[in-house]
Each structure stands twice: as C-alpha cells, then as structure tokens.
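Residue numbers (our numbering): 540 to 1305. Backbone N, C-alpha and C define an ideal beta-carbon position, used for all residues, glycine too. Before any comments, here is the structure.
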Ligand code: ADP
Ligand code: ZN
C-alpha cells in the first residue's frame, strides 16, 4: 500500500517507545480518493479493527468522517507521529475473508480499478447496509462467571431455589428456547407478564444483549433432495472421472467441457457437485442471467436441497439473507449470475460456469471484470477445479484448451442417441422483389411451421430485434429519424405508437411528417419482433403464440409464466429475441426458424462473426430434444458466410479453426491482450482533443511493438448526449502495458467535463 499522509491537523504526540509497537490500519475508500491511507488504532478499538471490517475515519483538512475498508494491519514506524486515529468501527465481524480481499486486490490491479470500488462490487449493497435486519434487544441466561469462586455457584443455586414458580417457569422457557428471545417473545412463550422477567433481570439470572436479527423470520424452505440422476453415458462418465479426480486431490485444474446442445452437460456438473457436497464443501455455479429460470434452479434444488440463488431481482434484504446463509456454510450450492463468483462460501470445492462463451459474464460498469477470468483466479487460489461448459466455447477458451492450458472434455453426441437437427438455409437474396418475399416469413418457412403444428409439434422463431419497424425514414428528403441524444435510429413500437431509442429510452410519438423537411409520407421499414408477431397473427389466425422480448417480459414472473405456457403446450409458437435462444429444453419443439441470421454480422466488432455462430448454434439446439426429432430453418442474405455456413453444418471446429486463423492474422485476442479506452464528453471537439492528447501519451510511453489505434469515434459515437471516442491497444506484454497505463492514467487528469474509462479485455466494442 502506498503511504499517503493526511495530517493537516496536529497529530497526536507519541512517546518514542510507543511507536514501534503501535498498530497501523491501512484503509481504502469506496469512492473519491484512490489508494491506501494509514491510520492509527486507538487502544479501545484495537480488538475491534480487523482486516475486512469497515471503519469511520477523519479525512481531509475538515476531518470529515468517511466510511472506509480496513485492508491491512501493520506495526507502526516513525510515520505514526503524523497519522490520525480511526474514529469508530462499523462492522462487528469482517465482511470479507482474507481470501476474498486478496481476490479483490487482484481485480483492482488487473482491471485498473480502485480497490474501494471493487470492494463495493464484491460486497452487495444489501450486505453492506445489513438490509432486512434490525438491532434487537434479546434476553440471555447470564453466563456463569468462569473466574468467580465456587461460592458464586452456590449463590446462584440458592437464588434459583428462592424463585417463585412463575419465575422458574420463565427461566426454563428461556433455557430451552433454541434462540434468544425478546421480552415480548418470552412473555408469549412462558405465558407470563413482564413482572417475572423484570425480577429475573434484577436478580442477575438473565441479562439483556443487543443483536442483529432478520425482520421476517420465515423459515428457509429447502426441500429435501429427491431426484435421482440419470445413468451417465460413456462420454459423460469419462468427463466426470477427470473432474472428480481433480476434486479429490484438491488441486486446481480448468476443464473446458465442450458438449453439443443436449449432450447432458448439466448432468455432469451435478455429479461433480455431488462429489464436492459429499466432501462437506460447497460449489458455485454461474449461469447467464437469462438462463437463471426456475427450471434451471430446480434441477439443482431437486438434487441438493440447500441451494442459494443469486439473481438481479433479489431485494437487498433477500440478498443479505442469502449472503448470511452462504457465509454460515448452510448452503451446498450457490447458483447465480455473474456476481455470484463473489459468493462467500466458507469451503469452496468447485466452480462451474455454464455457457461460458456468454458476453454477459463481463460486467460493463467498473470494475469491468469478467467472471470467467475472476473464477480462474479464485479457483487457482483456493485450489479447486473450474469447469467451463458450452456447446460453443469462446474462441479464447478453445484456444487455451488446444494449447493445453485447459483440459478439453468433449461430448460430441446428444444423450439418448438423439441426433442434432438438420439445418436448412433459405437464401433471401433470391427473393428480393418477388411476390413470395412479402413479410418476414419465407414461403418455405411458412409451410414448415404449418407442418410442424399439424404434426402436433411446437415452433420457436428467433428475431433478434425488438419493436415493430427498425427504421423510420422520410421519403422526400431521406432523413432517418434519430435519437437526439444518441447516434441511433429510433424504433417504431406500434402498440403505443411511439418511436423509441433502444439505448436511452428517449420516446416521441411516431411521426407522420418528416421532422426535418415537414413533408408527409414517412416510410416505416425493417422488422422487429412486434411486426413478426403481427405477421404470425395474419398467417396463422387460429394458432396460439407468444412473444418474448424485454418489452413483453417486464413484469416479475412473466418470463416463467410464458415458459410454463409453452411447456404445457398451450402456446404453439414462441417468438422472440435471443431471450428464447438459449438453454430451453422442450422436447416437443420440432421446428426452429431464424428470421434473419445476419442482424449482428456486420457490427464493427471483431467478435461479430463468433457471436452470430453462437446464436444460430444455440437456437438450433432448442429442437430435436424429443423422439419426434427436429428441423431448423435459417433465413439469411449470406448463406456462405462462415458463421452461418458452419453453424448450419454443426461444425464448431471448422468455424473456430477458420476464425482462429483470422484472429491470428489480425493480432486480436487471444493472440494479444486488448485494452480499450473510451473518452466521452458533451463537447465533441474538446473530447476529441483530449482523446488525441491521451493517444499521444500512450504512444510515447508504449514499446513500439504494441499496436495502438485511434482515437476514432466509437461505433456508438453519441450516447445519452455524450460524444464518444475510443482508443484500442493490442499488446503481447499485458502486464507491462498495464503498469504503463496505470502510470499515465494516475498522472493525467482529464478536464472536468470529460470522462474516461479503460476496459481491460473488452467484450463490448460499441
Ligand atoms: P445440456 O446442458 O448439454 O444442453 P442437459 O444436461 O440439459 O444438456 O441434458 C439434456 C436432457 O437430457 C435433460 O433433460 C437431461 O435430464 C437429460 N439427460 C442428461 N443426461 C442423460 C443421460 N445420461 N441419459 C438420459 N438422459 C439424460
Ligand atoms: Zn437515445
């Protein structure tokens, strides 16, 4: 920790021999000032201050009291003369274990983020604020004093003998209660008034204490584990054996479980977790937030009973409660989205990341950590295996597995001899201007939908765009209606007749006249899920369907209600955005249609192709999961694009081999490490000016073999009124580059109205 001094005020005076033995606490602040600061610990707080507790300390010339995390304790040196003392201690117990603090320190360094900010991310707000609990005064049987002489014991016995029946009853009620009771609770339990309690307090037989308790004391409903697993097939067993060996020998190893959709990966996780739980340890399972459905959760709950689920809809009180359960070791498995990687299980035995290729494991606000990267560090430190599972592993993970850094476990076949569905592509280019192409659904897809439903099957249709029309354009002057705050075209939402910005939610009534030239006759074009829904209503008037996108899934529980309706067969066609593409396991789905496979292909992002491949492969995997088999139809303007062609052939290896070569040629990750800087401000010229100056500093500081591009306008060149410029750095010496970047960023201060961020290993390139 760098030592910084804050001694504007006269510090306390120390005797010389006092100094060396004095304890010094290094603290970090959640916001504002960066770096570690040292304080002395007053005698009365010496026992209370521990690494991982929060304390109040005076800061600055005004000695403003500020909350801080104690991150280190050391013996004082000469510097002590100049330090201020800690004012008070906030937490009775450390909120962070030493290993979690170490992990946070690693994140702070790797992602170039102040440690205090990382800690605020590692510790949920509900935990920091003790949400859902309050301080309560409860009654205890007074502990016999160990130091006291025997005659005290005799005294107690005499006292008890002198009690009235009622008083004795009260004492017994408290003695046999499994938890401490408040006075009111004790009165209820012992059927008495407050008088005998007062008497016992006066006699010193019982005493008061203040503790923190939950507001509601609903018992945790953990059903006992019931379900038995399947008999594993040969490939599952082989994968499990390797993982189990690592679990048993308590060593870290990263496994890449590459199993096609429906190959039974979850079953392998569950068996591996079984090993861990039987050994008295806990497992953490990360899944993408949208896969965190009750269906997923119940697979773990049915098997392990005590499961904590951490998702973004938990209230602060619920989150705090789950946290407390996890810390106490009362939970076997933690299932959660990205931040569950910080779950404070006392005895970690395994980490699983399902759908490891998903971009949502990266946090897009500071600290911009990737849960997979953090998981590797945590698993390494705690000497436990890490399983990365996917039907379409990220190129980075695949590359590491190929190079032997990860252990590759392959499950190339579906369970129960089910086959992967046949995939047909429809070349939309041939259809332009012909009558058959009116609407979003091609004639061949229409017929396939009809056939599937006639045969008693169900259909999933993917269109990865919300809204009705994706573009509103003036036919006279060509003006496209844009968001005034973002450089993004507005989407027409027909239900409410509004044009909406999908980035900032700016809304206007959908215009019938051009906002620029005033001429009537706006052309509404482009397809979103609302328009697809409209078309389905017209084409299949009698067939029940359901649309799933963020517009229809706003209310709590709507997601699950929709999936239940589909599972029960009340809904025949499920259409929606990527929300429906992943993880669903419905055996009766016999057809999957992709309305437009190209939507994401041309984004200015080096992972655009990879993402398209993933999406098509994942959605194709939703069919053929039952005895009726399945079929996939992909509509595209680019049937020969590798991302689409390889996905249509279920050829993951073909795709990655080609894509790896491309990345190597261009020096993209995993062949380099990337840092992305985004500089934003409301004044376009000034912001660009600062970005240029920063790029010069970077170029001067970096070795020549680093590749620096920009500044250039970011693909989203304006967002929420801010102009955005980005600079990209690709390097083969990541650690060296990081240290240089830290140095420059700590020495440079952007002008007040300009903000900058650095994104290490960026996923979002827009
Ligand atoms: P994945 O996660 O690879 O998509 P799942 O683990 O969800 O696959 O398995 C798909 C389906 O097959 C599930 O319904 C699961 O219960 C079932 N299953 C898994 N393993 C077996 C097995 N060995 N034998 C029969 N069915 C299995
Ligand atoms: Zn906007």
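Range of the contiguous beta strand (DSSP E) that encloses residue i
i: residue 1112; result: 1112–1115
i: residue 1051; result: Note, residue 1051: premise wrong, no beta strand (DSSP E); not H, not E.
i: residue 1039; result: 1037–1039
i: residue 769; result: Element bounds for residue 769: n/a, residue is neither H nor E.
Where the alpha helix (DSSP H) through residue i begins and ends
i: residue 1272; result: Taken as a continuous stretch (DSSP letters only), residue 1272 belongs to no alpha helix (DSSP H), as it is neither H nor E.
i: residue 987; result: 982–993
i: residue 1204; result: 1191–1205
i: residue 902; result: Per DSSP, residue 902 belongs to no alpha helix (DSSP H) and is neither H nor E.
i: residue 665; result: 664–667
i: residue 1068; result: 1068–1078
i: residue 918; result: 910–920
i: residue 1236; result: 1223–1240
i: residue 798; result: First-last for residue 798: 793–798, but that is the beta strand (DSSP E), not the alpha helix (DSSP H).
Simplified DSSP assignment, three categories, for residue i
i: residue 871; result: coil
i: residue 881; result: helix
i: residue 839; result: helix
i: residue 1145; result: coil
i: residue 1089; result: coil
i: residue 1058; result: coil
i: residue 860; result: helix
i: residue 893; result: strand
i: residue 845; result: coil
i: residue 788; result: coil
i: residue 855; result: helix
i: residue 577; result: strand
i: residue 1063; result: strand
i: residue 1294; result: strand
i: residue 1252; result: strand
i: residue 1288; result: coil
i: residue 687; result: Residue confidence is low: residue 687 scores 49 on pLDDT, short of 50, so the model does not pin down where it sits. Its coordinate-derived value is still stated next. The answer is coil: DSSP assigns residue 687 none of H, G, I, E or B.
i: residue 1305; result: coil
i: residue 812; result: helix
i: residue 1211; result: coil
i: residue 702; result: coil
i: residue 960; result: coil
i: residue 975; result: Residue placement at residue 975 cannot be trusted, given a pLDDT of 48 that sits under 50; the coordinates are not used to answer.
i: residue 817; result: helix
i: residue 955; result: helix
i: residue 1299; result: strand
i: residue 758; result: Legend: pLDDT at residue 758 = 49, less than 50; position of this residue unreliable, value from coordinates given subsequently. Three-state result, residue 758: coil.
i: residue 634; result: coil
i: residue 1257; result: strand
Rounded separation between residue i and residue j - CA only
i: residue 1235; j: residue 1250; result: 10 angstroms
i: residue 897; j: residue 1156; result: 13 angstroms
i: residue 1190; j: residue 596; result: 59 angstroms
i: residue 983; j: residue 832; result: 33 angstroms
i: residue 1208; j: residue 846; result: 36 angstroms
i: residue 1115; j: residue 892; result: 25 angstroms
i: residue 808; j: residue 1183; result: 30 angstroms
i: residue 768; j: residue 663; result: 34 angstroms
i: residue 1271; j: residue 1241; result: 12 angstroms
i: residue 1061; j: residue 1020; result: 10 angstroms
i: residue 1140; j: residue 994; result: 34 angstroms
i: residue 1083; j: residue 1077; result: 12 angstroms
i: residue 1198; j: residue 1181; result: 9 angstroms
i: residue 1218; j: residue 903; result: 15 angstroms
DSSP beta-bridge partners of residue i
i: residue 966; result: 1175
i: residue 676; result: 749
i: residue 1322; result: As shown, the chain starts at 540 and ends at 1305. That puts residue 1322 outside it, with no answer to give.
i: residue 564; result: 578 and 612
i: residue 1130; result: 998 and 1170
i: residue 1125; result: Bridge partners of residue 1125: none, in fact.
i: residue 708; result: The partner list for residue 708 (beta bridge, DSSP) is empty, contrary to what the question assumes.
i: residue 1246; result: 1269
i: residue 1013; result: 1061
i: residue 1096; result: Paired residue(s): none; residue 1096 is not in a bridge.
Neighbour flag for residue i against chain C, beta carbons, 8 angstroms
i: residue 1247; result: This model lacks chain C altogether; it includes just one protein chain.
_Below 6 angstroms from a heavy atom of the ligand ZN - residues by beta-carbon_ = 1022, 1024, 1025, 1027, 1040, 1042, 1043 and 1045
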